[in-house]
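Residues in the sequence shown are numbered from 50 upward in steps of one, following my numbering. We put the beta carbon where it would ideally sit given N, CA and C, even for glycine. See below for the structure under consideration.
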Amino acid sequence: MLTNPWLRYAWGSVDLLPALLHQRPDGRPVAEIWMGAHAALPSSIEIGDREVGLDEFVEGSPDEALGAEVARQTGAHLPFMLKFLAAGQPLSLQVHPTRPQAEEGYRREDAAGIPLNDPARNYRDREHKPEMLYALTPFDMMCGFRPVEVISELLKGLHVPDLDPIVGHLDASDPAEALRSALTALLTAEPTVQQHVTAAVVASALAHRDERPEYSLVVELAESFPHDIGIVASLFLNVLRVEPGESVFIGPGMIHSYIRGLGLELMATSNNVLRAGLTAKHVDAPEMLRLVSFASGEPERLRPAPSGGATVFTPPVTDFALWAYLPAGPDDFGTRVSLIPPASGARIAVCCAGHCTLTCGDQRLVLQPGQSAFLPDADGAIEMTTTGTVAVAYAP
Numbered sequence: 050m051l052t053n054p055w056l057r058y059a060w061g062s063v064d065l066l067p068a069l070l071h072q073r074p075d076g077r078p079v080a081e082i083w084m085g086a087h088a089a090l091p092s093s094i095e096i097g098d099r100e101v102g103l104d105e106f107v108e109g110s111p112d113e114a115l116g117a118e119v120a121r122q123t124g125a126h127l128p129f130m131l132k133f134l135a136a137g138q139p140l141s142l143q144v145h146p147t148r149p150q151a152e153e154g155y156r157r158e159d160a161a162g163i164p165l166n167d168p169a170r171n172y173r174d175r176e177h178k179p180e181m182l183y184a185l186t187p188f189d190m191m192c193g194f195r196p197v198e199v200i201s202e203l204l205k206g207l208h209v210p211d212l213d214p215i216v217g218h219l220d221a222s223d224p225a226e227a228l229r230s231a232l233t234a235l236l237t238a239e240p241t242v243q244q245h246v247t248a249a250v251v252a253s254a255l256a257h258r259d260e261r262p263e264y265s266l267v268v269e270l271a272e273s274f275p276h277d278i279g280i281v282a283s284l285f286l287n288v289l290r291v292e293p294g295e296s297v298f299i300g301p302g303m304i305h306s307y308i309r310g311l312g313l314e315l316m317a318t319s320n321n322v323l324r325a326g327l328t329a330k331h332v333d334a335p336e337m338l339r340l341v342s343f344a345s346g347e348p349e350r351l352r353p354a355p356s357g358g359a360t361v362f363t364p365p366v367t368d369f370a371l372w373a374y375l376p377a378g379p380d381d382f383g384t385r386v387s388l389i390p391p392a393s394g395a396r397i398a399v400c401c402a403g404h405c406t407l408t409c410g411d412q413r414l415v416l417q418p419g420q421s422a423f424l425p426d427a428d429g430a431i432e433m434t435t436t437g438t439v440a441v442a443y444a445p
């Protein structure tokens, strides 16, 4: 059984994770529960009569934990981490780096003498951070750029003269250059200019909120982040909903912000986040813009592949994949189902609803909602029965 750290960021939901855990909300937001071996905030695992960090266990017994081949490829590090993510209000407007970008940024900030725990630090490790989101409730997000002509139409529809220069940038013949120049002009403008433009956009969106849902979102964002230029930048982004049991993949460089909902977030073992708005945390718009992929499009919706009654979501990276079981309908919850999860490699199994029983030889472990277990490669095949939603993250 894993013991996992909780994070109470301001954007977290007051009730989504307590409801999953069958606990009474205490009025404070719960944003994330981390399951993994990131050195900054590792889970812990029981070894005999003591608890050790999962990172310590993996590094001390890499062949047992990961399998010899994965241990060789990763340098004895668990290549993925899993989170419960509960958004009660929008997260920061953000992107994640590629591995070369992370390595370069990490070295640069080390050379500048910026401590790892400094709030102004952008790169907290050397790893890339591709990620996927598996929805447990309807999950709303902003992700990827709208077509340039749609962005231009939305900005013009607000009839805000201060937006005319931004609209002018969008007239460039090359769509990628149009996006780059328009968003750069917006996010790097002087703070007083940003506040003036944001106030005018919010006032106009409030007057026109019944005309388009995009303007309603502007008004909603302004309630949490008044005067934040990310409110205006939201008009550049696609808004989509991921239904329970569906998953999307967000690669490095794809600009995004989660809005609301509960899901499992699976990613490479990294905590590198570059932000440019909709947050009280450190913002580094120039550095974020340097990493952004300026191409219109939505995130990839991962196609589920059947696997013995469950489904497998395989993103276009080698770090992780997700095996998941979601009862087909309300009448199926509570029905005991036997399943065959991935049989090798390092795995993290997590119960999301009902209860789940894991059996390995003569050992048996029951997981209640919110509980998770680390399954090392050495354990081999695991027998699983569940009465609700369960997922297993693994390195394919």
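- Here K178 is buried: its Cβ has 16 or more other Cβ atoms, across all protein chains shown, within 10 Å.
- Bounds of any alpha helix (DSSP H) do not take in Q72, whose DSSP letter is neither H nor E.
- Straight across, the Cα-Cα distance linking V322 with G302 is about 11 Å.
- The three-state secondary structure of D426, taken from DSSP, is helix.
- Assignment of P111 by DSSP, reduced to helix, strand and coil, places it in the helix class.
- Close CB contacts of L203 within its chain, under the 6 Å cut and outside five residues either way in sequence, are with E263 and L284 (chain order).
- Ranked by Cα distance from D211, the first of S110, L388, T241 and Q72 is T241.
- Spanning the alpha carbons of P196 and G346 requires a straight line of approximately 7 Å.
- Within the same chain, and ignoring the five residues on either side of T438 in sequence, the residues whose Cβ sits closer than 8 Å to its Cβ are L185, A373, Y374, L375, P376, C400, C401, A402 and G403.
- Counting only the Cα atoms, V291 lies some 25 Å from E198.
- In the displayed model, T247 falls within a helix according to three-state DSSP.
- L414 places its beta carbon less than 8 Å from that of M50.
- Each residue's CA atom was taken as its position, placing G300 and P425 some 27 Å apart.
- Inter-segment contact for the segment 57 to 65 and the segment 75 to 82 is present: three or more beta-carbon pairs are separated by less than 8 Å.
- Sequence-distant Cβ neighbours of R157 in its own chain, meaning closer than 7 Å and more than five residues away, do not exist here.
- Judged by their CB atoms, M433 and C405 are nearer to each other than the 8 Å cut-off.
- Rounded to the nearest angstrom, the gap between the Cα atoms of P293 and F188 is 8 Å.
- With distances taken between CA atoms, T318 lies nearest to T147 out of T147, G97, D75 and Q244.
- Here A395 carries a coil assignment [DSSP, helix/strand/coil].
- By the C-beta density criterion, T384 is exposed, having fewer than 16 other C-beta atoms within 10 angstroms.
- Closest by C-alpha distance to L313, out of Q150, L134 and H257, is L134.
- For V332, the CB contacts under 7 Å within the same chain, skipping 5 residues up- and downstream, are R324, A325 and G326 in chain order.
- The straight-line gap separating the alpha-carbon atoms of T436 and L286 is approximately 38 Å.
- For M191, the closest of A248, Q417, V144 and T237 by C-alpha to C-alpha distance is V144.
- By the Cβ test, the segment 223 to 232 is in contact with the segment 333 to 352, since at least three Cβ pairs between them sit closer than 8 Å.
- Residues of the same chain with a CB within less than 7 Å of the CB of I215, apart from the 5 flanking positions on each side, are L204, A231, A234 and L235 in chain order.
- Around the C-beta of D75, fewer than 16 other C-beta atoms lie within 10 Å, and the residue is accordingly described as exposed.
- The three-state secondary structure of K330, taken from DSSP, is coil.
- The straight-line gap separating the alpha-carbon atoms of P390 and A430 is approximately 8 Å.
- With 16 or more other Cβ atoms inside 10 Å of its own Cβ, D104 counts as buried.
- In this structure, DSSP gives K205 a helical state, which the three-state scheme calls helix.
- The three-state secondary structure of Y443, taken from DSSP, is strand.
- Judged by DSSP in its simplified three-state form, I389 adopts coil rather than helix or strand.
- Taking all protein chains shown into account, R73 has fewer than 16 neighbouring C-beta atoms within 10 Å of its C-beta and is therefore exposed.
- Of the residues E239, Y307, E295 and S296, the one whose Cα lies closest to the Cα of L266 is Y307.
- Within the same chain, and ignoring the five residues on either side of Q244 in sequence, the residues whose Cβ sits closer than 7 Å to its Cβ are H276.
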